[in-house]
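Residue numbers (the numbering used here), protein chains in the order written: chain E, 99 to 322; chain Z, 99 to 322; chain G, 99 to 322; chain P, 99 to 322.
Built from N, CA and C at the ideal position, the CB exists for glycine as well.
Okay, structure first, notes after.
Protein chains: 4
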Amino acid sequence: MAMSHLTAVRMPKTQTSPRRLVTEATMLPPGVTPAGSRGVILNEALRLFAERGYGSASIRDIAERVGIKAASMYSHYPSKAHVLAELIKIGHDEHLRRMREAVRSAKNDPVSQLVAVVRAHTLAHAEYAMLAVVSHAELHSLAPEFAAPILAVRRQSEMLLADIIQRGVNLGLFDVPDAQLAMLAIGAMGLRVAHWFSPDQGRTAEQIADNYAQFATRLVGVAS
Amino acid sequence: MAMSHLTAVRMPKTQTSPRRLVTEATMLPPGVTPAGSRGVILNEALRLFAERGYGSASIRDIAERVGIKAASMYSHYPSKAHVLAELIKIGHDEHLRRMREAVRSAKNDPVSQLVAVVRAHTLAHAEYAMLAVVSHAELHSLAPEFAAPILAVRRQSEMLLADIIQRGVNLGLFDVPDAQLAMLAIGAMGLRVAHWFSPDQGRTAEQIADNYAQFATRLVGVAS
Amino acid sequence: MAMSHLTAVRMPKTQTSPRRLVTEATMLPPGVTPAGSRGVILNEALRLFAERGYGSASIRDIAERVGIKAASMYSHYPSKAHVLAELIKIGHDEHLRRMREAVRSAKNDPVSQLVAVVRAHTLAHAEYAMLAVVSHAELHSLAPEFAAPILAVRRQSEMLLADIIQRGVNLGLFDVPDAQLAMLAIGAMGLRVAHWFSPDQGRTAEQIADNYAQFATRLVGVAS
Amino acid sequence: MAMSHLTAVRMPKTQTSPRRLVTEATMLPPGVTPAGSRGVILNEALRLFAERGYGSASIRDIAERVGIKAASMYSHYPSKAHVLAELIKIGHDEHLRRMREAVRSAKNDPVSQLVAVVRAHTLAHAEYAMLAVVSHAELHSLAPEFAAPILAVRRQSEMLLADIIQRGVNLGLFDVPDAQLAMLAIGAMGLRVAHWFSPDQGRTAEQIADNYAQFATRLVGVAS
DNA sequence: AATGAATGAGGCTTCATTCAT
DNA sequence: AATGAATGAAGCCTCATTCAT
């Protein structure tokens with residue numbers, strides 16, 4: 099009833115549904131892109147998975163963008179799932195790497211660490227927006243064998259933030275009744291950046307990161 | 099008959115990939131569930147779209163859970179997309195309705211309004227977690243004709259929050275250098291609740307909403 | 099080296115490789131052919147599996163002969179393997195049924211029973227030659243779940259013949275140093291009939307069955 | 099590298115369908131195995147064709163067992179069909195060679211010749227069981243150009259047995275109403291040995307051959 | 001002699017949808 | 001309102017083979 103005014107439509111691939119993210123940059127972290135066709139595949143698959151979702155991006159679609167035939171994909175990856183798994187693994191690894199690097203570089207007090215980690219988290223989601231969106235939105239498309247090592251990485255990233263907050267609370271620096279809730283809220287803020295960030299949207303990734311770091315410190319009750 | 103002993107040979111889709119959300123409740127807002135099979139379809143489709151994604155949940159899957167055959171689905175909905183569109187429309191409508199109701203019930207100052215709106219936003223994402231996840235994660239699966247009216251609703255919800263923040267800033271009550279960024283961050287916190295909320299996770303939706311309202315007021319620079 | 103005089107040839111489907119069997123009759127036992135398309139599928143699949151082998155007969159080939167499209171096959175059978183499994187099950191069931199009926203109808207002495215059983219075995223392989231060839235040649239194409247119930251039937255048929263021979267030996271009527279070897283040899287004679295039998299080859303199935311029954315009694319040392 | 103943890107995800111073809119034969123020996127007749135990779139290919143192809151059938155054993159499967167890549171197969175054989183053809187040719191040639199040698203070595207009476215030939219036939223099918231199974235079960239996979247010379251060999255073997263029986267009948271030594279039927283039955287007994295023979299099954303090939311020779315002489319009406 | 005990459009053909013199967021009943 | 005049968009399109013993937021290196 100409520101929808102009866104809508105006529106049945108088969109959506110051709112050219113019509114543009116609402117985009118899952120704004121940016122069009124498919125940048126992968128430095129040093130992880132394989133050479134040759136493998137690397138091209140990874141980039142084109144990333145773009146397609148982001149645009150249409152893993153289930154709706156076909157092997158043929160990817161191959162076409164790479165400039166090879168569908169069958170040739172299998173000279174480089176044993177299955178479509180392996181491509182997705184590699185992308186998501188790269189995304190999670192890079193995220194964790196940056197988070198750890200942030201902690202290592204920061205002064206050893208919870209406030210400095212929180213600022214560093216939230217900045218890293220936010221920057222990662224802005225700079226690798228497409229990778230971040232696919233990593234989150236399509237994780238559920240991975241079979242358990244593929245997902246397990248990735249989930250392990252994810253847990254480490256979460257723990258890292260959680261520990262900082264808990265330490266701040268323990269030291270009486272932070273004022274939050276529910277530390278895990280604070281962790282979840284702070285994490286969520288950064289996650290979402292990947293969906294709307296674009297180099298053209300008027301703020302640099304750095305500016306956003308600075309703002310979000312301030313949001314986070316305020317959120318845990320540190321005046322600023 | 100002769101083959102009945104072979105029935106069990108095909109492996110059902112049992113593998114449990116990482117879940118997109120924790121809750122298993124498919125609750126739809128009161129008053130919107132159609133009577134009869136239509137309502138059952140809506141609920142089962144919701145669960146399947148949440149579990150597997152729109153593209154990976156087939157008409158046959160839905161029909162099977164409803165207890166009818168795939169062809170019979172078309173006596174109730176003209177297409178699979180219509181089912182998704184109706185679900186997402188319901189989700190967005192209910193969200194906007196609650197947001198507006200929150201503003202209406204709140205005192206007329208930005209702080210009270212912010213608290214009310216963040217509480218409503220958070221509660222909606224906890225109470226209708228499955229609907230919220232599908233509404234966000236699968237919006238991109240809708241053809242533009244389906245998506246347009248929904249995006250209009252979404253913009254209204256965003257505007258509502260943005261306006262409150264802007265008013266707080268204008269009145270000197272809030273201290274944020276970039277009001278839109280604050281809006282995005284606050285919105286993001288609540289969105290994510292839908293993914294991890296569950297009645298069993300130790301906090302009530304109300305408790306979460308209270309915490310998040312405090313997070314929001316702190317985030318805009320109001321001490322609390 | 100030995101083959102170097104042969105040029106590489108892709109064999110088009112029209113060229114006729116050596117046939118696995120002579121007969122072209124696809125007869126199935128009475129009462130087991132399902133009505134409608136299912137029955138037609140069974141018959142055409144039988145012919146194709148016999149001609150080309152299970153692995154080389156495609157779903158499209160079968161569908162084409164039936165007069166439907168490949169996808170429509172799945173309204174009738176859940177997989178190609180199910181079609182093969184049903185055929186082989188039918189073949190083994192009918193074979194066992196006839197063997198048992200032969201024993202039941204025969205006088206209660208081992209010679210009469212041997213004659214009856216060998217006649218039944220031979221007749222079954224002549225009259226359902228195509229089914230017999232597929233049942234034997236393609237059993238290995240079935241996954242264990244499909245094969246298990248069929249192997250159980252096969253074992254019963256073998257046991258039936260083995261028991262008769264053993265009883266003849268025990269009663270001093272048969273003179274064979276190795277009863278199992280006799281069973282295998284007698285069984286093998288009949289099996290092979292399916293490959294060369296044809297209504298046009300100058301002997302009736304009955305005549306062959308009579309000859310083979312005599313061969314069998316002589317083989318176990320009964321003068322005749 | 100980055101994906102090395104995913105290597106184990108694809109399920110290898112482990113399921114054990116009913117085997118077409120029991121033995122696992124891939125022995126080829128002495129003197130015919132080519133040196134180097136060609137010989138290894140022949141042996142591994144033989145094993146795979148026997149296990150899965152020609153159509154279901156891929157060039158890649160064979161190459162993998164040989165320890166080379168699929169493309170390298172073509173440095174040794176011009177096509178997959180050539181490998182099968184060579185195997186079947188070897189099988190038939192060896193069979194005919196042994197049959198002829200048996201006649202040559204036997205005394206010049208039909209009974210002695212029948213015994214010698216049946217022994218040779220049986221021994222060949224026991225000792226080269228795998229080769230025999232492939233030679234029979236996959237002959238139909240060969241294009242006519244490949245099959246023709248092989249069928250010629252086969253006809254010679256059959257003729258050889260048929261002539262002996264006919265001579266026995268003509269001399270009044272054998273008592274069979276239908277000589278060809280006797281030939282077919284005797285041939286069938288031996289054929290089947292290849293499917294169940296195994297060095298571990300309790301009888302030597304010689305013992306089986308002796309038994310089958312007795313079966314054959316009895317079958318043609320010679321007391322023994 | 002070996003290989004990585006590529007490819008056209010084709011494999012089985014699923015899908016959303018239609019239509020006569 | 002429901003369904004069995006059918007179908008065009010498309011899905012992922014495998015295959016035998018080729019070719020430049």
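| message | Please identify the residue among P:V267, P:F313, P:P247 whose C-alpha is closest to the C-alpha of Q278 (chain G). | response | Within the third sequence, numbered from 1, the residue matching residue 278 (chain G) stands at position 180. Taking Q278 (chain G) as reference, the option from P:V267, P:F313, P:P247 with the minimal CA-CA separation is P:F313.
- Message: I'd like to confirm something about V231 (chain P): is its beta-carbon nearer than 7 Å to some heavy atom of the ligand GDP, or not?
- Response: The model on display carries no ligand, and the ligand GDP is accordingly not part of it.
* Does any residue of chain Z bring its CB to less than 8 Å from the CB of A100 (chain E)? -> Here residue 100 (chain E) refers to the residue found at position 2 when the first sequence is read from its first residue. Because A100 (chain E) carries a pLDDT of 33, less than 50, the predicted location of this residue cannot be relied on, and the following value inherits that uncertainty. Under the 8 Å criterion on CB atoms, A100 (chain E) is classed as interfacial with respect to chain Z.
- Coil, strand or helix - A307 (chain Z) by DSSP: Numbered from its first residue, the second sequence carries residue 307 (chain Z) at position 209. In the structure shown, A307 (chain Z) sits in a helix (DSSP, three-state: H, G or I).
Closer than 8 Å, Cβ to any Cβ of chain E: which residues of the stretch 220-243 of chain Z, in chain order?
Hits within the stretch, in order: A235, L237, H238, S239, L240, A241, P242, E243.
| said: Using the Cβ count rule (16 or more neighbours within 10 Å means buried), how would you classify M287 (chain E)? | reply: Numbered from its first residue, the first sequence carries residue 287 (chain E) at position 189. Note on M287 (chain E): 16 or more other CB atoms within 10 angstroms of its CB, so buried under the neighbour-count rule.
| request: Output yes or no for whether 8 Å exceeds the beta carbon distance between V318 (chain E) and D273 (chain E). | output: As a position in the first sequence, residue 318 (chain E) is number 220, starting the count at 1. As a position in the first sequence, residue 273 (chain E) is number 175, starting the count at 1. Yes, Cβ-Cβ distance for V318 (chain E) and D273 (chain E) is below 8 Å.
Checklist entry - Taking Cβ positions only, does M287 (chain G) come closer than 8 Å to chain P? => result Looking up residue 287 (chain G) in the third sequence gives position 189. True, the Cβ-Cβ gap to chain P drops below 8 Å.
Review point. Residues in its own chain within less than 6 Å of L221 (chain G) by CB, not counting five upstream and five downstream?
Key: Counting from one through the third sequence, the residue named residue 221 (chain G) turns up at place 123. Taking C-beta separations shorter than 6 Å and ignoring five residues to either side along the sequence, the partners of L221 (chain G) in its chain run A303, A307, following chain order.
- prompt: Whose C-beta lies closer than 6 Å to the C-beta of V120 (chain E) among residues of the same chain, with five residues either side of it excluded?
  reply: Locating residue 120 (chain E) in the first sequence gives position 22, counting from the first residue. Counting only Cβ-Cβ distances below 6 Å, and skipping sequence neighbours, we find W294, S296.
Short-range partners of chain P found in the stretch 292-303 of chain G, where Cβ spacing is below 8 Å = Hits within the stretch, in order: W294, R301.
message: Just to confirm the assignment, what range does the alpha helix (DSSP H) spanning R117 (chain G) have?
response: In the third sequence, residue 117 (chain G) corresponds to position 19, counting from 1. First-last for R117 (chain G): undefined, no H or E at that position.
Hey, out of G:Q299, G:S135, G:V201, whose CA is closest to S170 (chain G)'s CA? Along the third sequence, read from residue 1 onward, the residue named residue 170 (chain G) stands at position 72. It is G:S135.
Does N309 (chain E) get closer than 8 Å to chain Z when you measure Cβ to Cβ?
The residue you call residue 309 (chain E) lines up with position 211 of the first sequence. Answer yes: the Cβ-Cβ gap between N309 (chain E) and chain Z drops below 8 Å somewhere.
Alpha carbon to alpha carbon, how far is R118 (chain G) from R316 (chain P)? Give it in angstroms, no decimals. Taking the fourth sequence and counting its residues from 1, the one referred to as residue 316 (chain P) is at position 218. Taking the third sequence and counting its residues from 1, the one referred to as residue 118 (chain G) is at position 20. Going from the Cα of R316 (chain P) to the Cα of R118 (chain G) covers about 29 Å.
ask   = What does D276 (chain E) touch in chain Z if you count any residue whose Cβ is under 9 Å from its own?
value = For the purposes of this step, residue 276 (chain E) is identified with residue 178 of the first sequence, where counting begins at 1. Under the 9 Å cutoff, chain Z gives R301, Q305, I306, N309.
Nonlocal neighbours in the same chain, by C-beta distance under 7 Å from S102 (chain Z), ignoring five residues either side: Locating residue 102 (chain Z) in the second sequence gives position 4, counting from the first residue. Low per-residue confidence applies at S102 (chain Z): pLDDT is 36, beneath 50, and the placement is therefore not dependable, though the value from the model is reported in the following sentence. Nothing listed; no residue qualifies.
L279 (chain Z) touches chain E at which residues, Cβ-Cβ below 9 Å?
Translated into positions along the second sequence, residue 279 (chain Z) becomes position 181. Per Cβ cutoff of 9 Å: R301, Q305, I306, N309, Y310, F313.
Is the CB of S210 (chain E) under 8 Å away from at least one CB in chain Z?
In the first sequence, the residue the question calls residue 210 (chain E) occupies position 112. S210 (chain E) does not count as touching chain Z.
Notebook entry, point to check: If you draw a straight line from the alpha carbon of Y172 (chain E) to that of D191 (chain Z), how long is it in whole angstroms?
Noted result: The residue you call residue 172 (chain E) lines up with position 74 of the first sequence. The residue you call residue 191 (chain Z) lines up with position 93 of the second sequence. In a straight line, the C-alpha of Y172 (chain E) is about 45 Å away from that of D191 (chain Z).
- Message: Please confirm whether G137 (chain E) has its beta-carbon closer than 8 Å to some beta-carbon of chain Z.
- Response: To locate residue 137 (chain E), count along the first sequence from 1; it is residue 39. So, not an interface residue.
Taking three-plus beta-carbon pairs below 8 Å as touching, is the stretch 175-193 of chain G in contact with the stretch 238-255 of chain G? In short, these stretches touch, since the Cβ pair count reaches three.
With H, G and I counted as helix, E and B as strand and the rest as coil, what does DSSP make of Q299 (chain Z)? Your numbering for residue 299 (chain Z) matches position 201 in the second sequence. Looking at Q299 (chain Z) - three-state DSSP - the assignment turns out to be coil, as it is neither helix nor strand.
So for S322 (chain G), helix, strand or coil by DSSP? Looking up residue 322 (chain G) in the third sequence gives position 224. Reduced to three states, the DSSP call for S322 (chain G) is coil.
- Query: Applying the criterion that 16 or more other CB atoms from any shown protein chain within 10 Å of the CB defines a buried residue, is T105 (chain G) buried or exposed?
  - Reply: Counting from one through the third sequence, the residue named residue 105 (chain G) turns up at place 7. Only weak support is given to the placement of T105 (chain G): the predicted model assigns it a pLDDT of 32, under 50, and the question is left unresolved by the model.
ask   = Between the stretch 145-168 of chain E and chain Z, which residues of the former have CB atoms less than 7 Å from a CB of the latter, in chain order?
value = When C-beta distances to chain Z are compared with 7 Å, the residues of the stretch 145-168 of chain E below that value are G151, G153, S154, in chain order.
Self-check item: Rounded C-alpha distance that separates V267 (chain G) from L212 (chain G)
Solution: Residue 267 (chain G) sits at position 169 when you count from the first residue of the third sequence. Residue 212 (chain G) sits at position 114 when you count from the first residue of the third sequence. V267 (chain G) and L212 (chain G) have their C-alpha atoms roughly 12 Å apart.
| message | On the criterion of 16 or more Cβ atoms from any shown chain inside 10 Å, does E97 (chain G) qualify as buried, or is it exposed? | response | Within the shown structure, residues of chain G are numbered from 99 to 322, placing residue 97 (chain G) beyond reach of any answer.
Determine, using beta carbons only, whether T114 (chain P) comes closer than 8 Å to chain G.
For the purposes of this step, residue 114 (chain P) is taken as residue 16 along the fourth sequence, with counting starting at 1. Chain G contact via Cβ: present.
field: Alpha carbon of H219 (chain P) to alpha carbon of S177 (chain E), nearest angstrom
entry: Working through the fourth sequence from its first residue, we reach residue 219 (chain P) at position 121. Working through the first sequence from its first residue, we reach residue 177 (chain E) at position 79. Taking the straight line joining both Cα atoms gives about 49 Å.
_Quick check for students: name the residue ranges of the alpha helix (DSSP H) that lie wholly in the stretch 119-145 of chain G, counting only runs of 4 or more._
With a minimum length of 4 residues, no continuous alpha helix (DSSP H) run stays inside the stretch 119-145 of chain G.
Taking 6 Å as the limit between beta carbons, can you name the residues of its chain near L269 (chain P), skipping five residues before and five after? Along the fourth sequence, one-based indexing puts residue 269 (chain P) at 171. Answer for L269 (chain P): no residue qualifies.
Checklist entry - Exposed or buried, what is R253 (chain Z) when buried is set at 16 or more other beta-carbons lying within 10 Å of its beta-carbon? => result Within the second sequence, numbered from 1, the residue matching residue 253 (chain Z) stands at position 155. So R253 (chain Z) counts as exposed.
_With a threshold of 8 Å between beta-carbons, can R118 (chain Z) be considered close to chain E, or not?_
Along the second sequence, one-based indexing puts residue 118 (chain Z) at 20. So yes, R118 (chain Z) belongs to the interface.
Using a cut-off of 7 Å between C-beta atoms, extract the partners of A283 (chain Z) located in chain E.
Walking along the second sequence from the start, residue 283 (chain Z) turns up at place 185. For A283 (chain Z), the chain E residues whose C-beta falls within less than 7 Å of its own C-beta are M287, Y310, F313, listed in chain order.
- Item | As assigned by DSSP and simplified to three states, the class of Y172 (chain E) | As a first step, residue 172 (chain E) is located in the first sequence; it is residue number 74 there, counting from the start. Judged by DSSP in its simplified three-state form, Y172 (chain E) adopts helix.
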